[in-house]
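Peer 1: Below you will find the structure I want to go over with you.
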Amino acid sequence: MPAKKLKSRILLVNGTIIDPYTKQIFLGDILIEEGRISKIGKIISDSNIEKIDCSGKIITHGFCDLHVHFREPGREDKETLESGSMAAMSGGFTRVCVMPNTNPPLDSPEAINFIIKKADECPIYIHPIGAVTKMQAGNDLTEMGLMEKEGAVAFSDDGLPIQDGSMMRIALEYSNLIKVPIINHSEDECLRANGLMNEGVVSTKLGLDGNSDLAESLMVNRDLELADFTNSKLHIPHVSSSKSVDLIRRKKRVNSKISAEVTPHHLYFNEEALNTFDTNLKVAPPIRTESDRRSLIQAIKEGVIDCIATDHAPHTLDDKETTFDLASFGMIGLESCFGIINKVLVKQEGMELLDVISLLTVNPRKIMNFEMDLFKIGRPAEITILDPDVEYIFKKNHIQSLSVNSPFLGETMIGKTQYTISKNILFSNE
Amino acid sequence: MLKNKHLLGLAGYPAEDIQTIIDTAFNFREVLERPIKKVPSLQGVTIVNLFFENSTRTRISFELAQKRLSADTVNFSASSSSLKKGESFKDTAQNIEAMKIDAVVMRHPTPGAPKHLTEFIDSIIINAGDGTHEHPTQAILDMMSLHEKFGKLKGLKVAIIGDILHSRVALSNIYGLITMGAEVVLCGPPNLIPHHAEELGVVVNHNINEVLDWADAINVLRIQRERMGKGLIPSIREYRSLFGITSTRLKTLKKEIVVMHPGPINRGVEIDGVVADGDQAIILDQVLNGVASRMAILFLLCSGKKINEES
Amino acid sequence: MMKKVIMDVLSIDKTLNRLSHEILERFSFIDNIVLIGIHKRGVPLAKRIKNKIKDINGTELKTGALDITFHRDDYRERLIMPEVKGTEVSFSLDNKIVILVDDVLYTGRTIRAALEELNSFGRAEKVQLAVLVDRGHRELPIKADFVGKNIPTHEGEHVNVLLKEIDDEESVVLIKN
């Protein structure tokens, strides 16, 4: 069992502590007692205390993913809250927000309550995102107020765009009551049509129906203007194109209520990878050109994109092992996230590890108003211990999810999370 | 042997192998002119024609080719209603593998399906058309027909005319002709030509008269009537007026160009009946060359099977 | 490896002369005789015999060429790319007397394939075989009707025929390994 109850006293010894909240980096130990941060610094310990040797490793905040799909209720064969928690902890995540496109969708206070109750039994913190419209049909607003009271932290019809501009306006205006973000899956359905991959040279060569980046950027533009106009919080999910980046950059100069996220796969792959018709690379929004990928990396460096979110989307073999047009969209991403982000942003692009860790910790927490000062004495421990340099090939045995639809299998990762502590549970990746 | 075990498409297919196939196809043309049109080369070889999409012509052409080579032929047609979520595809593929079939000729409505098939079965796979992606045997017979008329492909000026966006015939021809050194121009309504087409190495020109003046040969694509009225083609007469290959248009040209068409033709739409029946059109030669080139492809891929098994 | 020249350019020519006379002797009515050379070297030999018969007798026999690649019985074991040179038989063989011409008769399998292929062109009245060299070691019940020279061989030995139309030199060589 990779997850077990934390001993009542445990000492993390001799690690490099990176605190993305205070922006401090120092060598030290962390003492955790009864699951809470008890002491940080150079700690002389008695020999009979349980220790984890963190020499050569980084001790930092547990990661937070604003965008995952745990398929409960409805498709528990793909993932459950429990299996998703294991996948999350394996990837160093202690806190996630689950999208509402379950079956039935999370479009009522009762559905939100169901998730909250089940999440209580899970070793990580799971926050439900409520649907914007009933049944995600795009017509009637959900009871956002009551749902927020039950624990919804944001609203989205993800999977589906809010195609009707008037509906998006209403949703943004209404969300001002409760001051939580609206998250719109920005892909204009008409322009997107039957597109299966990015419209470009590769789609032309493969004869696959293309999905132009305009389908995303035009709706991003609409949402930015509406959010501005209604003075509400907008969070843009899985940004994929340089056109969208440019629009977000411009709007952010004058509006601080806009935030945006990007996935590891959009930072790693470009459309050439689809030459093999690998259905694990079939995602929405699609993986685009090298030029788009570079814009996304630049946007991260500038802070135009605030955080990383995996859009963890489990699917069964039957859903993926079929012809390209019929394969489901999406890939799992929790377990492979750090190895890829660290490889691209730190090792290849030269970003500071502290900044990259912030993309996974304080930045997403800030957007959702979650507690950011995780190393405050007395706080329940949400900690990730990782090795930033180890190289390894991503294999099936690294996957805790019930689904294995990952195009990262066989890829070389750099950096691995090794221990994750959350809700008094210690998860070990060894 | 040909470098590739399968024939999935002409993208990246070596020029020497295309030439070998064409040369061998001419030899099989001779066989098709004999009183007894049969050779024993593929005796004992079992080939399945796996057609997930209806096609009488291509299937018959393949069947004839197979029978003339003395191979054993089995036909599988799946109507689209029996194709549920890809379930039938994988199961069908695994059934074929279990029956130890030597080669599969597959037509499927989805791009990439033949590549997908290679993951389930060990047999030799020949793509008879995968959606809007490739139709390599059609392009080979087209190139063979051009080779027959002009003696070469290098430097030949070939225009492809019509709905390029949805045409696997066009894409395979583009790949093959460019590999063999021909020059290719695409002509058709702007909304029916892929936005990124020129990155394939072709030139796009929407003026039919300029294109006909330039070309040595044209390949006229079938306009699918289903495309009309969906905002893609306003009307038949509009299309014919702007792009139709009429005898009037051909008469004004300085030289006699060769007219090709993959069939079936829509008389009076993309091509006039008079032109299709006339001397410049080699449409029926294409049909015969189709059997010959498919014989060549099957022969080159499927003989020497023991070598394939060992390697 | 040892090479021994068995026939030179003069003896080849003499032999072909004799074969041409033998053919004329065997058949009183030669108008419906056709000479079909088997690729590669049977083809120029057939042409030479045709020319010699024309010189002797004045009659020009029809000739054709047979490429047996599509009829081989070893196509599943083949290790090299089949090099098809093309069959040319532009007339029906119905009621004709076909004389197949080849350079070396060995296992007989090439002739078997040729006989099968001939069927595709009609039903010949008679098929006979003329070879420049018979080296024995038949694997099938095939015999030549007109033989230039018998060259008995052992295993590991080879007979090579070189003709100026193809090889730029002219000889029949026995090669011992």
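Protein chains in written order, with the working numbering: chain A, 32 to 461; chain B, 351 to 661; chain C, 1065 to 1241. Glycine included, every Cβ here is placed at the ideal spot set by N, Cα and C.
#1: Between the beta-carbon of Phe-508 (chain B) and the beta-carbon of Ile-476 (chain B), is there less than 8 angstroms?
#2: Let me see if you follow: with CB-CB separation under 8 angstroms, is Leu-357 (chain B) close to chain C or not?
#3: Could you spell out the range, first to last residue, of the alpha helix (DSSP H) harbouring Phe-649 (chain B)?
#4: I'd like to know whether the C-beta atoms of Ser-271 (chain A) and Glu-292 (chain A) end up nearer to each other than 8 angstroms.
#5: Which term fits Thr-53 (chain A), buried or exposed, when burial requires 16 or more other beta carbons within 10 angstroms of its beta carbon?
#6: Which residues in the same chain have their Cβ closer than 6 angstroms to the Cβ of Asp-404 (chain A), if we skip the five residues on either side of it in sequence?
#7: Considering only their Cβ atoms, is the gap separating Phe-369 (chain A) from Leu-417 (chain A) smaller than 8 angstroms?
#8: Buried or exposed: where does Ile-408 (chain A) fall if 16 or more other Cβ atoms within 10 Å of its Cβ makes it buried?
#9: Do the segment 41-51 of chain A and the segment 73-83 of chain A meet, that is, are 3 or more Cβ pairs less than 8 angstroms apart?
#10: Ala-489 (chain B) touches chain A at which residues, Cβ-Cβ below 8 angstroms?
#11: How far does the alpha helix (DSSP H) with Glu-1181 (chain C) in it reach, from first residue to last?
#12: Name the residue from B:Arg-379, B:Phe-412 and B:Leu-536 whose alpha carbon lies nearest to the alpha carbon of Asn-425 (chain B).
#13: Counting only the same chain and skipping the five closest in sequence on each side, list residues whose C-beta sits under 7 angstroms from that of Asn-373 (chain A).
#14: Cα-Cα, which of A:Leu-255, A:Ile-90 and A:Pro-317 is closest to Tyr-450 (chain A)?
#15: Could you tell me the distance, in whole angstroms, from the CA atom of Ser-367 (chain A) to the CA atom of Leu-384 (chain A)?
#16: Below 8 angstroms between beta carbons: does that hold for Leu-278 (chain A) and Leu-265 (chain A)?
#17: In terms of residue numbering, what span does the alpha helix (DSSP H) encompassing His-92 (chain A) cover?
#18: Output, in chain order, the set of chain B residues within a Cβ distance shorter than 8 angstroms of Asn-1183 (chain C).
#19: Can you name the residues of chain B whose CB is closer than 8 angstroms to the CB of Gly-23 (chain A)?
#20: What is the DSSP secondary structure of Phe-593 (chain B), counted as helix, strand or coil?
#21: Using 8 angstroms as the threshold, is the segment 1221-1229 of chain C in touch with the segment 1102-1109 of chain C, meaning 3 or more CB pairs across them?
#22: So which residues on chain B does His-1135 (chain C) lean against when the C-beta distance must stay under 7 angstroms?
#23: By DSSP, does Leu-515 (chain B) sit in helix, in strand, or in coil?
#24: Within 10 angstroms of the Cβ of Tyr-299 (chain A), are there 16 or more other Cβ atoms? Answer buried if so, exposed if not.
#25: Whole angstroms are fine: how far does the CA of Ile-155 (chain A) sit from the CA of Ser-432 (chain A)?
#26: Going by alpha carbons, who is nearest to Val-129 (chain A) out of A:Asp-195, A:Ser-187, A:Leu-245 and A:Glu-302?
#27: Does the structure place the segment 173-188 of chain A close enough to the segment 144-161 of chain A that three or more beta carbon pairs sit under 8 angstroms?
#28: Please report the Cβ distance between Thr-235 (chain A) and Leu-550 (chain B), rounded to the nearest whole angstrom; I am assuming they are in contact, meaning their Cβ atoms lie under 8 angstroms.
#29: Can you check which of these residues, B:Pro-486, B:Asp-472 and B:Val-535, is closest to Gly-505 (chain B) by C-alpha distance?
#30: In this structure, does DSSP put Val-1237 (chain C) in helix, strand or coil?
#31: Is the shortest distance between the beta-carbon of Ala-642 (chain B) and the beta-carbons of chain A less than 8 angstroms?
#32: Within 8 angstroms (strictly less), CB to CB, does Glu-447 (chain B) reach chain A?
#33: Where do the ends of the beta strand (DSSP E) carrying Ser-453 (chain A) lie?
#34: Under 8 angstroms Cβ to Cβ from Asn-301 (chain A), same chain only, skipping five residues before and after it: list those, please.
#35: Please list the segments of the alpha helix (DSSP H) lying wholly inside the segment 294-328 of chain A, counting only runs of 4 or more residues, in order along the chain.
#36: Is there a C-beta anywhere in chain A that falls below 8 angstroms from the one on Pro-544 (chain B)?
Peer 2: Inspection of the coordinates gives the following:
#1: Stepping through the second sequence from its first residue, residue 508 (chain B) is reached at position 158. Stepping through the second sequence from its first residue, residue 476 (chain B) is reached at position 126. Reading off the sequence, residue 508 (chain B) comes out as Val, not Phe. Taking 8 angstroms as the Cβ cut-off, Val-508 (chain B) and Ile-476 (chain B) do not qualify as a contacting pair.
#2: Within the second sequence, the letter at position 7 stands for residue 357 (chain B). Chain C, which has no Cβ nearer than 8 angstroms to the Cβ of Leu-357 (chain B), makes this no.
#3: Within the second sequence, residue 649 (chain B) is the residue found at index 299, counting from 1. Looking at the DSSP string, the run of the alpha helix (DSSP H) that includes Phe-649 (chain B) is 633-652.
#4: In the first sequence, counting from the first residue as 1, residue 271 (chain A) sits at position 240. In the first sequence, counting from the first residue as 1, residue 292 (chain A) sits at position 261. Going by C-beta atoms, Ser-271 (chain A) is not nearer than 8 angstroms to Glu-292 (chain A).
#5: For the purposes of this step, residue 53 (chain A) is identified with residue 22 of the first sequence, where counting begins at 1. When all chains shown are included, Thr-53 (chain A) counts as exposed.
#6: Residue mapping note: residue 404 (chain A) aligns to position 373 of the first sequence, counting from 1. Cβ neighbours of Asp-404 (chain A) beyond the five flanking positions: Tyr-52.
#7: Translated into the one-based positions of the first sequence, residue 417 (chain A) becomes position 386. Translated into the one-based positions of the first sequence, residue 369 (chain A) becomes position 338. For Leu-417 (chain A) and Phe-369 (chain A), yes; Cβs fall inside 8 angstroms.
#8: Mapped onto the first sequence, residue 408 (chain A) falls at position 377. Looking at its Cβ environment, which holds fewer than 16 other Cβ atoms inside 10 Å, Ile-408 (chain A) is exposed.
#9: yes
#10: The residue you call residue 489 (chain B) lines up with position 139 of the second sequence. Ordered by position in chain A, no residue passes the 8 angstroms Cβ test against Ala-489 (chain B), which lies about 13 angstroms from the chain.
#11: Residue numbering aside, residue 1181 (chain C) sits at position 117 when the third sequence is read from its first letter. Residues 1173-1182.
#12: Within the second sequence, residue 425 (chain B) is the residue found at index 75, counting from 1. Ranking the options by Cα distance to Asn-425 (chain B), first place goes to B:Phe-412.
#13: Taking the first residue of the first sequence as 1, we reach residue 373 (chain A) at position 342. Contacts found: Val-387, Pro-419, Ile-445 and Gly-446.
#14: On the first sequence, residue 450 (chain A) is found 419 positions in, with the first residue counted as 1. Among A:Leu-255, A:Ile-90 and A:Pro-317, the Cα nearest to that of Tyr-450 (chain A) is on A:Ile-90.
#15: Indexing the first sequence from 1 puts residue 367 (chain A) at position 336. Indexing the first sequence from 1 puts residue 384 (chain A) at position 353. Going from the Cα of Ser-367 (chain A) to the Cα of Leu-384 (chain A) covers about 17 angstroms.
#16: As a working note, residue 278 (chain A) is residue 247 in the first sequence. As a working note, residue 265 (chain A) is residue 234 in the first sequence. Not a contact, by the Cβ cut-off of 8 angstroms.
#17: Here the question's residue 92 (chain A) lines up with position 61 in the first sequence. It is not in any alpha helix (DSSP H) - His-92 (chain A) instead sits in the beta strand (DSSP E) that spans 89-92.
#18: Position 119 of the third sequence holds residue 1183 (chain C). Those are Ile-386, listed as they occur along chain B.
#19: Nothing can be reported for residue 23 (chain A): it is not among the residues displayed for chain A, which extend from 32 to 461.
#20: Stepping through the second sequence from its first residue, residue 593 (chain B) is reached at position 243. Helix, per DSSP.
#21: yes
#22: Here residue 1135 (chain C) corresponds to residue number 71 of the third sequence, with the count starting at 1. Near His-1135 (chain C) (Cβ distances below 7 angstroms), the residues of chain B are Val-389 and Pro-390.
#23: On the second sequence, position 165 is the one that residue 515 (chain B) refers to. Correct three-state label for Leu-515 (chain B): coil.
#24: Residue mapping note: residue 299 (chain A) aligns to position 268 of the first sequence, counting from 1. Tyr-299 (chain A) should be labelled buried.
#25: Locating residue 432 (chain A) in the first sequence gives position 401, counting from the first residue. Locating residue 155 (chain A) in the first sequence gives position 124, counting from the first residue. So the alpha carbons of these two residues sit roughly 14 angstroms apart.
#26: Position 98 of the first sequence, counted from the first residue, corresponds to residue 129 (chain A). Closest option to Val-129 (chain A), Cα to Cα, is A:Ser-187.
#27: yes
#28: Position 204 of the first sequence holds residue 235 (chain A). Position 200 of the second sequence holds residue 550 (chain B). Confirmed, Cβ separation roughly 7 angstroms.
#29: In the second sequence, the residue the question calls residue 505 (chain B) occupies position 155. Ranking B:Pro-486, B:Asp-472 and B:Val-535 by Cα distance to Gly-505 (chain B) puts B:Val-535 first.
#30: Counted from its first residue, the third sequence places residue 1237 (chain C) at position 173. Three-state result, Val-1237 (chain C): strand.
#31: Position 292 of the second sequence, counted from the start, is the residue given in the question as residue 642 (chain B). Not one chain A Cβ lies under 8 angstroms of Ala-642 (chain B).
#32: If you number the second sequence from 1, residue 447 (chain B) lands on position 97. So no, Glu-447 (chain B) is outside the interface.
#33: The residue labelled residue 453 (chain A) in the question sits at position 422 within the first sequence. Unbroken beta strand (DSSP E) run through Ser-453 (chain A): 443-453.
#34: Here residue 301 (chain A) refers to the residue found at position 270 when the first sequence is read from its first residue. Within the same chain, Asn-301 (chain A) has close Cβ partners Ile-318, Arg-319, Thr-320, Glu-321, Asp-323 and Arg-324.
#35: 295-299
#36: For the purposes of this step, residue 544 (chain B) is identified with residue 194 of the second sequence, where counting begins at 1. Output row for Pro-544 (chain B): interface = yes.
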